[in-house]
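Everything in the sequence shown is counted per the UniProt record's numbering, starting at 1 for the first residue and increasing by one.
The next block holds one structure in the form of C-alpha cells; read it before the comments.
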Amino acid sequence: MGNRGSVIGPKANSIQTNHRSEREPVVHTGANEDGADENGKPPTTPKRNSLFFSTSNSNSNFYMSDTELAVLAERTRLREKSTKYVLDYIYYGIPCNVKGVIKNASPPSVGSPSKRRHSSPTKETFLMTEPDMTFITIDRHEVLRNRNEMMGVTDTEADVNVVDVKNEYYNYPEACSVDRFGNILVSIRDEKEQRRIDGQALDKLKDRPMTPRKPYIVGVEMNSITLGWYATDEGTGLVDQYHVEYMELGKPDAGFKVLVVREWAREDDLLHCMENLPPNTSYVFKVKSRNRVGWSDESEVSDVATTEAGPPDRPNKCFATMVTPEMVHLHWHAPRDNGARITNFILRGKRVGGIFKEVYNDRGQSYVASDVEGGCQYLYEVRAVNKMGKSPWSANFIVQVPAEVDPDAIVDVTQELRKGHLWLECWDGKDERQFWFHTITGNRQLKPPQEWVEYKEQLALEKERNAHLRKEKVQEDMDPAVKFRMKRFKFFKELRKYNNASTVKDPPLNNLKIRRTHLFSDTLTIFTHYGKKDLMKKTKIIFNGEDGIDSGGLTKDWYLGLSRSLSVKAHKIFAASANGNLEIHQESGCSPTSLQKFKFAGMVLGKALYDRQFLDMPLTKVFYKLILNQDVTTNDLMEVDETLSKSLAWMMENDVTNVIFETFSVEVVDPETKRKDRMPLCENGENRDVDEDNKAEYVKLMAEWRLKFSVIMQLEAFKSGLNLLVPDHLLSQFTIPELTLLFNGKKNISVDEIRAYTIYQGKINASSKICLWFWQLLRDFDDTYKMKLLRFITGSDRVPLDGFSPPFNLTDGEDMTHDMLPRSHTCFNQIVLPRYKNYEEMKGKVKTAIDNTEGFDLT
C-alpha cells in the first residue's frame, strides 16, 4: 500500500499522496527541458492546447482536450473538497491515513461497483470501491504517538497500546472513500450497505440547514422518555450533526441543557432514550442541526412529555413542635407524590435501644405520641404510601423527652416552619379582610408573611413559564379565589340593593313548622302562598317533635335536607345524569302541578342565595347554561344523553343517504296521558326529510330540542321562582364553576381552614392534648366522616365561604366523664369534648356520636 500517509488535521488545505497504481496515467506537458522524451527520443508533437498522456504498463498514449482537461480539474477539486469534508466533519480532525489510488482495484463493470476486500490499518473494512478512489481511515498509531508525546512515552511503549486507541474510536466510521466525482462512501461496522454523500450536492451547499421540525415523543415510562426527531431535507449526509436539548418543567431556574449530540456518520438513528428520570416529571425538547455552513435555527419546543407515576420520594425526617414529659407532638412534610396521590403515612417509633413498632398509619401529617416516658430518648421515622408503592423510610428523628416540665424549654424548628406553603390565606367575613394562618403553629397575622409572598411569586413564575412552553394562554395574575371573593361580595351587596332589603338589627321572621319526615311537602305547601316579601324574611325552623331551638343550626339543616328532597325521583323535578349531576326530569310534564313544583325549586334556590345558605344540588353544566341564558350546543349533549350524542355524531361523520329516514320532527309523549305526538323542530318540519345536505341543521335542532326546548316550560317556571329574589343580570357575572361554589359551597373539607376559624373555651387551648387529638382525628377521617362530623357540630356538611360565624368552637368538657359521648350545639358551631384518656377512646366516642345522631334536642 506504500508509505504511511500524511497526517491530515482539520486545518489541512490539500491532500498529498506518495503512491499510485500500476494503471495510473502519467501526464506529459509535451517535452522535457532538452526537448526529448524520457527515452531520449523527440516526442510526437501534441496538438495545441492539449495534454499528452501515457500509462506506465502500455505503449499507448492519448491526448486530452481543453474540455476534458476542465472536467478532470473539476473532478480533482470536488475530490479534494470531499476528502477535506471527511476529515473535518466525519472524523473531526482526528489523525487519519489518507491513501490515494487503491492498488489492484480492477475497473468495475458498468453500473455495478466491484466488491473487494482491501487491506487497511483496521483490516476490517468491506468497501464497495472503484478505481481512482481516495481511501481514509483513522491513523491509530499517529493518535497514540501524539498522545504519548504529550505524556513522554516512547514509540516502543506506544505500540503496546494501539488496541486501546482502536477501542476508543470504535464507534467512528470504519473507513471512508471518495470517488473521482467527489462522492463520499462511508463504511459503518455491522452495516452491509454503505452510506453515500453526493459530492456535487456537498459542493453546492451554501446555506445553513432548514429549521428542523419539533421533536416527537415515542414512548414514556416511569423512569424514561424515548423521543425522536426528523431529518432535514437537504440531502443524506449533508447535515452532519444534530443537537437535542431538554428542559425539566416546574424546576426553579430551569433552562435548556444538551441531551444528546447525534452525528450522522456514526449513527443515523434519530431516536434517543432519556433514562434514570424521576417519576411524574415533565420535560420539553428542541433540536437543531448543522452542516458545513453552520447551525440551523432551533426547532419549536416539543409537546410536553411526563414520566409515569411512581412511589413517593423519601420524606424529610420528622420534627417536633412540642415536647413534654407526657407527649411529643410530631410533624412531617409530604414528599413529592410522583403523580399518584399519597394515601397515607406510616410512622414508626421506638425508645432508643428498643425495637421499632408502627405507631401511626393514616392520612395526617402530624401525630401526638402520648406513650412516652420522661427522661428517655425516642427515635421516629416516617414513610409515604401511594398506589404505586411505598417511599423509603425518612432519616431518623431523635427526641429527648424531659423528666419534668421545663417552662423555659424551647423547641427550635424555625427552619422547618419558615416555608411559604405552610401559610393559609383566609377571609374574615365579619371584618371583611384577609388574614394568614400558619397551619402548624396556629399563628394568625394580618400582614402577608414574607415566605408566603416569595412562595406565591415562585409559583406564578413557574406557571407562566410552563404555560409558555405548553403553548397555553397565561392566566390572569389575580388569584381565582380572591377574584371570586370580590365578585361574591359585590353580588350580595347588589342583591340587597335590588330587593330594597333593610339592614335593621332584628328583621321580621317567618316561623316554619316542618315535619322532618315531610320536608318537601310541608315546605311546598307554605311556599305556595309566599311572595317576594315573604321570601325576604329571615326563616326560623321548628321541627315537630324536637326540642331544638333554631339559632341558625336548624336552618342550615333544613336547607340541605330540602335541597336533597328536590332530586327524589317521585317528585319528578330533577333527575341524575350519568355523572350524578342534576338536570330537569324529562318526564316531569307541563301540568300546573308540575310547573308549580319547578317554581318552588327556583324559590328555594333563590332564597338560599339570599340567605347565604348552602344547598346540596349538584347541577349539570347544561342547566347552569340555561340559568345564565347561554346557548347550548351538540358538545353539551354528551353530559346528559350519551346515546343521542353518539347517534348525532355518527350522522355527521357518515353519508346518511338511504340510511336515515327521519323528518325534522320528534316524537313526544305526555307523561300523564301517555299520548304520543310529533313536534316539528322547524316550520313544516314534519314534512321535511333529513338528507345529506341538511343533516347538520337537523343535528343542531335535535340537540337544542333535547337540551332546552323539550323542557322549556319547566325551565321558565323554575326561573320565575329564582328571579323573585335573584335577577339574571346579577348571576351573569359568575362562571359556571363559580356558580357551583355559590350554590353548593366547598365539598372538600380542609382541616387547616377549620382550625383557622376556631376558638377554644374552658381550660384548653390549641396546644392541649385533647385538641391535638381532635384535629388528628378529623384529618384521619375519610371524606364521608369529615362531612358527618362537620354536620354534627355545625348543622351543615360544608365549610362556609366566609369562615364560620359564630367561630368553630372546641370546648373543654371538664364536667363530663371520659366515658360520655361528645355534645354539640349547632347554633354556636360548638363541640364539647370530655377529657378522654387516649386517642383511640376519643375516636370511638366521636364516631358513635355522629353515627347515631338524627334531629336536635336541648341539652
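Beta carbons: idealized from backbone N, C-alpha and C, even for Gly.
The Cβ atoms of GLY237 and ARG195 sit closer than 8 Å to each other. Judged by DSSP secondary structure, GLN434 falls outside any alpha helix (DSSP H) and instead within the beta strand (DSSP E) spanning 433 to 438.
Check the Cα spacing between ASP636 and each of ASP670, ARG612, LYS708 and LEU615: the tightest is with LYS708. DSSP places ARG675 outside both helix and strand once states are collapsed to three, so it counts as coil. At the C-beta level, ASN511 and ILE542 come within 8 Å of one another. Rounded to the nearest whole angstrom, the CA to CA distance from PHE345 to ARG823 is 31 Å.
Between VAL352 and VAL304, the alpha-carbon positions lie close to 48 Å from each other.
Ranked by Cα distance from ILE759, the options VAL832, MET816 and ILE712 are led by VAL832. Going by beta carbons, VAL385 and PRO315 fall outside the 8 Å limit. Excluding the 5 residues flanking it on each side, SER594 has same chain C-beta neighbours closer than 6 Å at SER588, in chain order. Secondary structure at ILE138: strand, using DSSP grouped into helix, strand and coil. Where CYS771 is concerned, the enclosing alpha helix (DSSP H) starts and stops at 769 to 780. Three or more Cβ pairs closer than 8 Å define a contact, and the region 422 to 432 falls short of that threshold against the region 365 to 381. Fully enclosed beta strand (DSSP E) runs of no fewer than 3 residues occupy 823 to 825 and 830 to 834 of the region 818 to 858, in order along the chain. Residues GLU583 of the same chain have their beta carbon placed closer than 6 Å to that of PHE623, with the five preceding and five following residues left out of the count.
Scanning its chain for C-beta atoms nearer than 7 Å, with the 5 sequence neighbours on each side dropped, one finds around MET638 the residues SER645, in chain order. ALA175 is classed as buried because its beta carbon has at least 16 other beta carbons within 10 Å across all chains shown. Spatial neighbours of SER366 in its own chain (CB-CB distance under 6 Å, excluding positions within 5 residues in sequence) are listed in chain order as HIS331. DSSP places ASN97 in the strand class (E or B) of the three-state scheme. Under the DSSP assignment, ALA320 falls in the beta strand (DSSP E) whose first and last residues are 319 to 324. Note on the region 224 to 267: whole beta strand (DSSP E) runs with a minimum of 3 residues are 225 to 228, 241 to 248 and 257 to 263, in chain order. Closest by C-alpha distance to TYR839, out of TYR757, GLN761, CYS771 and PRO325, is CYS771. Proximity to LYS533 across MET388, LEU185, TYR92 and MET603 peaks at MET603, based on C-alpha coordinates.
Following the DSSP letters along the chain, one finds ALA703 inside the alpha helix (DSSP H) bounded by residues 695 to 707.
For THR281, the closest alpha carbon among the candidates GLY310, ASP203 and LYS192 is that of GLY310.
Separation of the CB atoms of LYS599 and PHE718 is rounded to 7 Å, and the pair is thereby assigned contact status at 8 Å.
Distance check between THR306 and each of LYS607, ASP207, GLU546 and PHE285 places PHE285 closest, using alpha-carbon atoms only. DSSP places ILE627 within a helical segment (H, G or I) once states are collapsed to three. The region 534 to 614 contains, as complete beta strand (DSSP E) runs of 3+ residues, the segments 538 to 543, 574 to 576 and 582 to 584 (chain order). Close CB contacts of TRP558 within its chain, under the 6 Å cut and outside five residues either way in sequence, are with ILE541 (chain order).
According to the DSSP assignment, TYR360 belongs to the beta strand (DSSP E) that extends over 357 to 362.
In the DSSP assignment, the residues bridged to TYR216 are GLY228.
Counting of Cβ neighbours within 10 angstroms places GLN613 among the buried residues, the total reaching 16 or more. Following the DSSP letters along the chain, one finds SER282 in no alpha helix (DSSP H) but inside the beta strand (DSSP E) bounded by residues 282 to 290. Under the three-pair Cβ rule at 8 Å, the region 688 to 697 does not count as touching the region 731 to 741.
As the crow flies, the alpha-carbon of LEU821 is around 58 Å from that of LEU648.
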